[in-house]
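Enquirer: Pasting a structure here, questions to come.
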Amino acid sequence: MRHLLGIEGMTRRELELLLNNAHKCIEVSQRDIKKVPSLRGKTVINLFLEASTRTRTSFEIAGKRLSADTINITASSSSTTKGESLLDTARTLQAMAPDVVVLRHRSSGAPHLLAQHLTKTSVINAGDGMHEHPTQALLDLLTLQEHFGRLPTGLTIAYVGDVRHSRVVRSNVWAHRLFGNHVRFIGPPTLVPTHVGQCFGKPVPIYHNLRQGLAGVDVVGCLRMQLERMDGNFVPSLEEYTNEYQVTGKVLDEVAPQAIVMHPGPINRGIEVQTALIDSERSLVVNQVAYGVAVRMAALLYLALGPKEVEYS
Ligand code: NCD
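Per this note's numbering: the sequence shown ends with 325, consecutive numbering throughout.
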């Protein structure tokens, strides 16, 4: 079975195919009647055992726009709250023969475990613990591609904030490496420890000073403080963190006037990023959400129909 578990180990060719197909899917979402029959008769189960607004909604919309039957299971509505193990949930789902299961889980590696035990079903990782979030990296790439009007290569991208707990960053670094982009991390040593920069083969440069780290970058990726994954105090206080590391229009005007700003959401306004900046023309957050649907359509097509180019017009 083909799965989409992480960007690590994928090839640039595979990512380009997904981006090409996602680009074609954008048009479907702009139609009056936003539906194509590509996945008619296919069943997609969205199993979201951790909180989500954007990712869950966009997978559901993506499946529906492709005419798949989509079923949503959330943590509170699933039998895991009654003590059922992930493997038993997997066996139960398998018996109903879905074509794709989309899993979000608080434990790193949960989608891989599911993939090992489902023999006739593809698995998409919609975020596993602090590990990977491949469709987020793909939608970030698609957003850059649509913004610059070309394949996103040769860019310098700074991720600012809670890199340590971010699966979004991990998937993005693998993706940017394949496209020849230069990634840097910015944040306090507690949130950007040296070892995190060394997990990707060639080390990722780390800056503990916001201005120095942002100097000359093309793209700023803001990150939320992921309190739900923290097992201790990583910053003295949010106020102190904000004073040192909040990404503001003023800082960007000084050191990276051309830079555009991205954020995977959910945004904690006024903490990792200034409200006026995230609402400004420099921000691509709305595009990220819109292109998220197209990327998830491409991901579902890739798993349900195989690695081929789609044509919509
Ligand atoms: C991210 C996630 O869940 O990893 N959000 C998302 O999928 N859009 C980032 C976050 O939760 O901060």
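Quick reminder that beta carbons are idealized off the backbone N, C-alpha and C, glycines included.
(1) Any contact between the stretch 227–237 and the stretch 165–178? By contact I mean 3 or more CB pairs, one from each, below 8 Å.
(2) To the nearest angstrom, how far is it from the Cα of N255 to the Cα of V298?
(3) Which residue from P49, R43, G277, A268 puts its Cα closest to that of L167?
(4) Compute the distance between the beta-carbons of T147 and A316, then report whether it is under 9 Å.
(5) Please confirm whether any heavy atom of ligand 1 lies closer than 8 Å to the CB of Q148.
(6) State yes or no: is the C-beta of L271 within less than 9 Å of the C-beta of D230?
(7) When the Cα atoms are used, what is the spatial distance from G213 to A127?
(8) Specify, as a first and last residue, the run of the alpha helix (DSSP H) that L98 falls within.
(9) Which first and last residues belong to the beta strand (DSSP E) in which F197 is found?
(10) Could you check the C-alpha separation between N280 and V114 for me, to the nearest Å?
(11) Would DSSP call V114 helix, strand or coil?
(12) Got a sec: does ligand 1 put a non-hydrogen atom nearer than 8 Å to the Cβ of Q210?
(13) For ligand 1, any of its heavy atoms closer than 8 Å to the Cβ of P278?
(14) Among V112, N137, R162, R179, which has the Cα closest to the Cα of H143?
(15) State the DSSP-derived secondary structure class of E39, mapped to helix, strand or coil.
(16) If you draw a straight line from the alpha carbon of I73 to that of G53, how long is it in whole angstroms?
(17) Could you spell out the range, first to last residue, of the alpha helix (DSSP H) harbouring S70?
(18) Whole-angstrom Cβ separation of G318 and L289, contact assumed at under 8 Å?
(19) Return the residue from the list K46, E28, K47, A102 that minimises the CA-CA distance to L151.
(20) Would you kindly report the start and end of the unbroken alpha helix (DSSP H) that includes G261?
(21) Helix, strand or coil: which one does DSSP assign to S88?
(22) Between the C-alpha atoms of N33 and M309, what's the straight-line distance to the nearest angstrom?
Expert: With the given structure in hand:
(1) Judged by pairs of C-beta atoms under 8 Å, the stretch 227–237 touches the stretch 165–178, as three or more such pairs exist.
(2) One C-alpha to the other measures close to 26 Å.
(3) Sorting P49, R43, G277, A268 by C-alpha distance to the C-alpha of L167 places A268 at the top.
(4) No. Outside cutoff.
(5) Yes, the Cβ of Q148 comes within 8 Å of a heavy atom of ligand 1.
(6) Checking the sequence shown, residue 271 turns out to be Ala, not Leu. Taking 9 Å as the cut-off, the beta carbon of A271 is found closer than this to the beta carbon of D230.
(7) The straight-line gap from Cα to Cα measures roughly 26 Å.
(8) For L98, the enclosing alpha helix (DSSP H) starts and ends at 98–107.
(9) Its beta strand (DSSP E) spans residues 194–198.
(10) Cα to Cα, the separation comes out at about 26 Å.
(11) If DSSP states are grouped into helix, strand and coil, V114 belongs with the strands.
(12) Because no heavy atom of ligand 1 lies under 8 Å away, the Cβ of Q210 does not count as near it: no.
(13) P278 Cβ: within cutoff of ligand 1.
(14) Of the residues V112, N137, R162, R179, the one whose Cα lies closest to the Cα of H143 is R179.
(15) For E39, the three-state secondary structure derived from DSSP is helix.
(16) In this structure, the alpha-carbon of I73 lies about 16 Å from that of G53.
(17) 66–77 is the span of the alpha helix (DSSP H), which, as asked, contains S70.
(18) Not really, about 42 Å apart at Cβ, beyond 8 Å.
(19) Answer by Cα proximity: E28.
(20) Start and end: 261–267.
(21) Correct three-state label for S88: helix.
(22) Each residue's alpha carbon lies about 8 Å from the other.
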